[in-house]
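S.K.:
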Amino acid sequence: MTSAQVDTDNVPEEGYERGLGSRQVQMIAIGGAIGVGLFMGAGANIAKAGPSIILMYALAGVVIFFIMRALGELLLYRPVSGSFAEYAREFLGPFFGFVTGWTYWLMWVVTGMAELTAAAIYIHFWFPEIPQWVSALVFLVVLFGVNLISVKIFGEVEFWFSMIKVTAIIGMIVIGLGVLTLGFSDAGDTATVSNLWSHDGFFPNGIGSSLMTLQGVMFAYLAVELVGVTAGESENPEKTLPKAINTLPWRIIVFYVGALLVILSVVKWTEFSAGESPFVHAFGEIGIPLAAGIVNFVVLTAALSSCNSGMYSTGRMLRDLAANSEAPQAFGKLNARKTPAVGITVSVTLMGIGVVLNYVVPEKAFLYVTSVATAAGIWTWMMILVSHIRYRAAVDAGRLRASSFPAPGGALFSWVALLFLVGVTCMIAYDKDARVCLYVAAGWAVALAVGWAVLKSRNPHIAERRDPDFEKVG
């Protein structure tokens with residue numbers, strides 16, 4: 034096997050249509066790195082950490098790159114649609130595959146609920162007379178249809194969602210640089226790079242406060258791993274996936290570090306607050322009259338993009354679980370258009386609870402929902418890293434073939450990233466507002482343990498670990 038080849042003998046035929054081209058996979062990867070966590074969540078993080086939030090996003094970005102390169106090595110070893118759960122199943126055992134698959138499914142279901150309601154709130158900006166539940170229901174039905182028709186339609190919709198987000202960020206950066214260098218607009222007299230350190234320093238509230246923002250920063254990166262779910266439906270995974278992953282550092286530098294550098298230079302950090310988009314505020318300071326409407330449209334796009342991705346990934350994850358007898362077999366069926374229609378339908382039905390919640394859920398409940406999503410995302414990333422560490426050990430021992438896309442630093446950087454995630458989890462436990470997600474995680478763990486016990490009682494063979502030596506070298 035040459036270094037440019039995927040181990041195709043070790044890739045099962047999943048029945049999906051490989052309908053995602055390079056253009057779509059690249060934009061799905063880019064879109065996964067730009068979400069509501071950046072457009073809206075950055076305001077609260079800036080208020081806590083000041084200009085040092087730039088360093089926190091950069092630090093988290095480095096760790097995310099380690100995670101994605103570990104995932105990339107596994108994907109080119111065996112590109113399958115249920116990637117995270119499948120690798121956990123192979124290298125850690127069936128129970129971990131079961132937990133990872135259902136946990137990633139949960140992450141996208143609860144995220145879908147939050148994003149649907151967020152999208153309805155954004156519509157209220159222009160049409161306050163439309164009830165929120167009506168907007169949420171319309172978005173739910175439309176995106177459901179997009180995912181049910183075919184993967185090509187999903188890919189095309191996600192491509193344009195991502196294009197809008199990318200164009201908006203680049204436009205904001207260009208305008209901000211114009212203000213800094215040419216001095217035009219209402220903010221021209223006060224815009225200066227010295228805003229990054231002249232107001233109580235780069236760490237105005239101390240390094241400890243800055244580090245505590247890492248939990249919120251990590252939420253902004255959720256969905257970056259979605260490119261792994263596309264592996265089973267990419268037209269040319271051995272070319273598109275490495276390219277999508279290797280461009281991640283540039284996306285982080287431009288869309289996170291670059292955008293925040295410009296914004297915090299144009300407007301001093303003390304003027305930002307939680308609950309307000311820093312982009313809207315900065316555009317307001319510059320004096321662009323349509324700033325609020327423009328950013329509201331972009332944030333609406335980000336919410337719909339996230340919900341669209343959630344519907345896509347939940348259907349694939351349920352099908353992977355069904356294929357391994359860890360979910361009802363009905364979830365394993367594909368419709369005539371080769372999409373897992375049953376799994377998508379069930380997931381969308383549960384997301385529809387978000388429509389009902391528009392009546393009864395207080396605002397703080399959405400903080401809890403996003404916290405649960407973050408905890409589920411951290412578990413997924415941990416499973417990717419541990420699976421990669423076990424895979425590299427098997428390769429070094431000569432039991433498995435090497436991937437054509439090895440991660441730099443081998444297992445070492447995976448260990449570094451794993452310790453970082455453990456540290457973030459400890460910070461979540463320390464924060465009284467965020468630690469509620471750990472209580473939910475404990476309850477979810479109990480539910481999964483009970484579910485696994487029931488599965489084993491009905492099918493004792495399900496707990497038999499798949500031997501990773503099946504693909505020995507030579």
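Position in the sequence shown counted from 1, then plus 33, gives you my numbering. Using N, Cα and C, we set each Cβ at its ideal position, and we do this for glycine too. Predicted, not measured: the structure shown is a model, and the values here were computed from it.
1. My parser needs the beta strand (DSSP E) runs of 3 or more residues fully inside the stretch 307-384; what are they?
2. Using alpha carbons as the reference points, say which of V132, A121 and I97 lies closest to W485.
3. Is P45 helix, strand or coil by DSSP?
4. So, for F98: in the same chain, excluding its five sequence neighbours on each side, which residues have a beta-carbon less than 6 angstroms away from its beta-carbon?
5. So, for F172: in the same chain, excluding its five sequence neighbours on each side, which residues have a beta-carbon less than 8 angstroms away from its beta-carbon?
6. Taking the CB atoms as reference points, tell me whether A80 and Q248 lie closer together than 8 angstroms.
7. How about W283: is its Cβ closer than 7 angstroms to a heavy atom in the ligand GTP?
8. Give me the Cα-Cα distance between D40 and G105, rounded to the nearest whole angstrom.
9. Taking only three categories from DSSP, how would you classify G178?
10. Should the stretch 182-202 be regarded as contacting the stretch 375-383, the criterion being three or more beta carbon pairs within less than 8 angstroms?
11. Considering just the uninterrupted stretch of the alpha helix (DSSP H) at I508, what are its terminal residues?
12. What separation, rounded to the nearest whole angstrom, lies between the Cα atoms of A307 and F72?
13. Mind checking which residues open and close the alpha helix (DSSP H) that includes V237?
14. Going along the chain, which residues of its own chain have a beta-carbon closer than 6 angstroms to the beta-carbon of R352, five neighbours each way excluded?
15. Check for me: the alpha helix (DSSP H) holding S116 runs from which residue to which?
16. Decide if the stretch 224-235 is in contact with the stretch 83-100; the criterion is three or more beta carbon pairs, one per stretch, under 8 angstroms apart.
17. Work out the CA separation of P161 and P395 for me, nearest whole Å.
18. At which residues does the alpha helix (DSSP H) containing V469 begin and terminate?
19. Since E76 and S310 are thought to touch, with beta carbons under 8 angstroms apart, how far apart are those beta carbons, to the nearest angstrom?
20. State the DSSP-derived secondary structure class of K272, mapped to helix, strand or coil.
21. If you measure between the beta carbons of K198 and I67, is that distance less than 8 angstroms?
22. DSSP on I495, reduced to helix/strand/coil?
23. So, using beta-carbon positions, are V143 and A406 closer together than 8 angstroms?
24. Buried or exposed: which applies to V487, given that a residue is buried once 16 or more other Cβ atoms fall within 10 Å of its Cβ?
M.R.: Short version:
1. none
2. V132
3. Because P45 carries a pLDDT of 45, less than 50, the predicted location of this residue cannot be relied on, and no value is offered for it.
4. L281 and P282
5. L149, A152, A153, L337 and C340
6. no
7. Because no ligand of any kind appears in the structure shown, any question about the ligand GTP cannot be addressed here.
8. Residue placement at D40 is flagged as unreliable, the pLDDT there being 44, under the threshold of 50; the coordinate-derived value follows with that caveat. Computed Cα separation, rounded: 14 angstroms.
9. helix
10. no
11. Residue 508 lies beyond the range of the chain shown here (34 to 507); nothing can be said about it.
12. 12 angstroms
13. The sequence given here places Pro at residue 237; Val does not occur at that position. No alpha helix (DSSP H) holds P237; DSSP gives it neither H nor E.
14. F364, G365, P373 and G376
15. S116 to L125
16. yes
17. Low local confidence applies: a pLDDT of 47 at P395 is under 50, so the model's placement there is unreliable, with the coordinate-based value given in what follows. Their Cα atoms are separated by approximately 19 angstroms.
18. V469 to R491
19. A small correction: the amino acid at residue 76 is Gly; Glu does not occupy that position in the sequence shown. Yes, G76 and S310 are in contact; Cβ-Cβ is about 6 angstroms, under 8 angstroms.
20. helix
21. yes
22. helix
23. yes
24. exposed
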